[in-house]
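This report concerns only the one structure given below.
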Amino acid sequence: MTEPIVTDYLLELSDALADVPRSTRVEILAGVREELEGLGEDEAAERIRSLGDPHFIAAGAREDVAAPSEAPEPQWRSTVAALLVMVGGVVMPFIGWIAGIALMWTSRAWSTRVKLLATVLPALGGLQVLIVTTIASLFETESVDETFRYPGLSEFENPLVPSFYDLVFTVPLWGLPSALVIGICLLVTANKPQRVTGSSAWGVIPVAVGSLVLPPVGWIVGLIFLWTSSVPARTKAVMTSVGPVALILGVALARVFTEEPVVLLAAAIAVPFLASLVAAVLLLRTPTAKAQS
Amino acid sequence: MTADVGTQLRKGVVESCVLGLLATEPMYGWQLSETLVRHGMIASIGTLYPMLSRLRAQGLVSTYDERSETGPVRKYYELTPSGRQQLSDFRQQWASFSVAVDDLVGKDDQ
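In structure tokens form, the structure reads like this:
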């Protein structure tokens with residue numbers, strides 16, 4: 086386990102490095118973290134002493150980085166980007182929003198994770214609706230209460246409505262409010278030290294939880310967290326593949342016993358979730374177990 | 057621009073010192089930082105990482121991840137072929153350079 090003094094030190098260091106360019110800050114934090122993780126309290130305290138005051142470390146980083154060209158970014162850029170993402174789509178449908186997203190990507194005010202989420206969330210909302218309506222239409226001759234498996238999506242109770250029709254309505258209904266919310270989040274988080282994936286749990290757990298809470302889009306969002314986290318490449322590969330493999334195997338196995346769509350759907354959701362959860366727990370336990378031995 | 061003499065001198069050579077350290081074996085951040093701080097080449101680990109990313113951007117060092125026996129995955133730095141080349145260039149020039157400087161500045165006790 087990570088000792089509290091380590092967590093405190095890393096947070097202090099992260100604050101001290103707030104005005105250092107993101108790439109440098111991330112590297113320093115990762116380098117210090119890999120050194121302090123898994124140490125006992127006394128060892129960690131000793132090492133923290135020899136690392137020195139966070140502000141001293143930050144001063145060294147600033148001094149070195151100041152030489153190359155990275156000029157500070159004007160505040161207005163991130164604000165304009167966030168506002169365009171927020172309401173650009175209202176002023177000029179699609180184009181305004183796309184301009185906002187493009188400006189956001191060229192800004193250093195946000196981490197890659199935040200940028201990815203801000204970009205794909207509106208599209209993922211549409212994807213979720215498309216998938217749910219497609220599945221719902223498979224059930225159209227079945228009893229209607231299957232759709233209640235998706236809490237909060239009761240507007241699709243009538244599976245006879247063509248999914249295309251739904252989608253056309255969904256763009257303004259989902260797109261504009263979600264762009265508004267995302268824009269506000271961007272405004273709030275701009276130039277703030279966005280948490281640099283502290284523990285590996287932050288990379289691994291969202292995949293498992295997302296696949297249960299809102300399949301399949303929750304899973305995709307989980308993957309974004311995973312791939313923008315600092316977990317090892319092997320963990321990323323395992324966590325990414327375990328869901329789809331479990332899905333195929335789970336459904337294939339369930340089909341041996343039944344053709345009942347409800348059961349198949351339940352298997353399609355439960356099996357990947359359980360597999361991801363087991364993989365997540367195993368991957369998270371490995372380092373701690375080794376540290377204790 | 058009147059930083060103390062030591063700082064000025066270190067600036068020119070510290071990157072080559074990193075290359076020299078990595079020529080003996082691949083090292084992770086803390087190892088490098090600890091050795092360099094002990095030798096008075098850098099002030100803290102905060103100076104090390106900007107330098108490492110510069111060396112990496114220049115293609116002189118590369119990195120790989122390896123799990124340590126105590127648990128955490130460590131990022132190791134190693135020399136690339138062009139890093140080796142750069143180091144051997146430096147070694148050649150340094151020998152004649154330090155002799156030349158010694159000759160020019162003279163010694164205190166004269």
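Those protein sequence lines, which keep their order, are chains A and B.
In terms of our numbering, the first sequence is residues 86 to 378.
In terms of our numbering, the second sequence is residues 57 to 166.
Glycine residues also receive a C-beta, built at the ideal position from the N, C-alpha and C atoms.
Nearest to residue i (by Cα), restricted to the options the options
{"i": "Ala293 of chain A", "options": "A:Asp127, A:Leu212, A:Leu359, A:Ile142", "result": "A:Leu359"}
{"i": "Met83 of chain B", "options": "B:Gly68, B:Val69, B:Leu104", "result": "B:Leu104"}
{"i": "Leu334 of chain A", "options": "A:Ile354, A:Glu345, A:Pro317, A:Thr320", "result": "A:Ile354"}
{"i": "Thr191 of chain A", "options": "A:Ser163, A:Glu112, A:Val330", "result": "A:Ser163"}
{"i": "Gly115 of chain B", "options": "B:Asp121, B:Glu122, B:Met107", "result": "B:Met107"}
{"i": "Val91 of chain A", "options": "A:Leu223, A:Asp127, A:Pro159", "result": "A:Asp127"}
{"i": "Tyr133 of chain B", "options": "B:Leu78, B:Cys73, B:Gly68", "result": "B:Leu78"}
{"i": "Val217 of chain A", "options": "A:Pro300, A:Glu148, A:Ile183", "result": "A:Pro300"}
{"i": "Ile290 of chain A", "options": "A:Val266, A:Arg370, A:Ala101", "result": "A:Arg370"}
{"i": "Gly123 of chain A", "options": "B:Leu75, B:Gly127, B:Leu160", "result": "B:Gly127"}
{"i": "Thr80 of chain B", "options": "B:Leu135, B:Arg147, B:Asp158, B:Gln141", "result": "B:Leu135"}
{"i": "Phe179 of chain A", "options": "A:Ala221, A:Leu261, A:Gly125, A:Val165", "result": "A:Leu261"}
{"i": "Arg319 of chain A", "options": "A:Gly116, A:Leu349, A:Leu367, A:Arg193", "result": "A:Leu367"}
{"i": "Ser263 of chain A", "options": "A:Leu338, A:Leu209, A:Pro346", "result": "A:Leu209"}
{"i": "Pro257 of chain A", "options": "A:Val336, A:Val165, A:Trp182, A:Trp161", "result": "A:Trp182"}
{"i": "Gly139 of chain B", "options": "B:Gln149, B:Arg112, B:Leu92, B:Ala156", "result": "B:Arg112"}
{"i": "Leu223 of chain A", "options": "A:Ala187, A:Val347, A:Asp93", "result": "A:Val347"}
{"i": "Ala38 of chain A", "options": "A:Thr325, A:Leu338, A:Ala351", "result": "Not covered by the structure: residue 38 of chain A. The range shown for chain A is 86 to 378."}
{"i": "Leu272 of chain A", "options": "A:Ala337, A:Ala194, A:Ala144, A:Pro329", "result": "A:Ala194"}
Simplified DSSP state of residue i, which is helix, strand or coil
{"i": "Met107 of chain B", "result": "helix"}
{"i": "Glu134 of chain B", "result": "strand"}
{"i": "Val289 of chain A", "result": "helix"}
{"i": "Glu88 of chain A", "result": "coil"}
{"i": "Asp138 of chain A", "result": "coil"}
{"i": "Met83 of chain B", "result": "strand"}
{"i": "Ser118 of chain B", "result": "strand"}
{"i": "Val161 of chain B", "result": "helix"}
{"i": "Arg94 of chain B", "result": "helix"}
{"i": "Val316 of chain A", "result": "coil"}
{"i": "Ala101 of chain A", "result": "helix"}
{"i": "Arg193 of chain A", "result": "coil"}
Pairwise C-alpha distance: residue j and residue i
{"i": "Gly211 of chain A", "j": "Val199 of chain A", "result": "19 Å"}
{"i": "Ile142 of chain A", "j": "Val327 of chain A", "result": "40 Å"}
{"i": "Val363 of chain A", "j": "Ala286 of chain A", "result": "13 Å"}
{"i": "Lys321 of chain A", "j": "Glu71 of chain B", "result": "33 Å"}
{"i": "Ser196 of chain A", "j": "Ser118 of chain B", "result": "23 Å"}
{"i": "Ala103 of chain A", "j": "Arg340 of chain A", "result": "54 Å"}
{"i": "Asp121 of chain B", "j": "Glu112 of chain A", "result": "14 Å"}
{"i": "Glu120 of chain A", "j": "Ala275 of chain A", "result": "29 Å"}
{"i": "Lys163 of chain B", "j": "Val69 of chain B", "result": "22 Å"}
{"i": "Trp312 of chain A", "j": "Cys270 of chain A", "result": "21 Å"}
{"i": "Ala151 of chain B", "j": "Asp159 of chain B", "result": "13 Å"}
{"i": "Ile220 of chain A", "j": "Ser314 of chain A", "result": "32 Å"}
{"i": "Leu297 of chain A", "j": "Val105 of chain A", "result": "38 Å"}
{"i": "Val155 of chain B", "j": "Cys73 of chain B", "result": "18 Å"}
{"i": "Glu344 of chain A", "j": "Leu332 of chain A", "result": "16 Å"}
{"i": "Trp259 of chain A", "j": "Ile309 of chain A", "result": "21 Å"}
{"i": "Arg118 of chain A", "j": "Leu96 of chain A", "result": "11 Å"}
{"i": "Phe342 of chain A", "j": "Pro317 of chain A", "result": "38 Å"}
{"i": "Val114 of chain A", "j": "Val176 of chain A", "result": "The amino acid occupying residue 114 of chain A in the given sequence is Leu; Val does not appear at that position. Straight-line Cα distance between these residues: approximately 41 Å."}
Whole-number beta carbon distance between residue j and residue i, since they are thought to touch under 8 Å
{"i": "Ala167 of chain A", "j": "Gly268 of chain A", "result": "5 Å"}
{"i": "Thr109 of chain A", "j": "Ala146 of chain A", "result": "6 Å"}
{"i": "Gly85 of chain B", "j": "Gly116 of chain A", "result": "4 Å"}
{"i": "Gly185 of chain A", "j": "Ser100 of chain B", "result": "Rounded, the Cβ-Cβ distance is 39 Å, inconsistent with contact."}
{"i": "Leu88 of chain B", "j": "Leu143 of chain B", "result": "Not quite, the Cβ-Cβ distance comes to about 15 Å (not below 8 Å), so this is no contact."}
{"i": "Leu98 of chain A", "j": "Pro139 of chain A", "result": "4 Å"}
Chain-ordered chain E contacts of residue i [CB-CB under 8 Å]
{"i": "Thr103 of chain B", "result": "The displayed structure is made up of protein chains A and B, and chain E is not among them."}
contact_flag[the region 299-315 of chain A, the region 198-211 of chain A] where n(CB pairs < 8 Å) is 3 or more: Under the 8 Å Cβ criterion, the region 299-315 of chain A counts as touching the region 198-211 of chain A, having at least three qualifying pairs.
Inter-stretch contact (C-beta, 8 Å, three-pair minimum) for the region 129-142 of chain A and the region 166-176 of chain A: With a cut-off of 8 Å, the region 166-176 of chain A and the region 129-142 of chain A do not count as touching, because too few Cβ pairs lie within range.
Below 8 Å, can you find three or more Cβ-Cβ pairs linking the region 347-366 of chain A to the region 61-68 of chain B? These segments do not touch.
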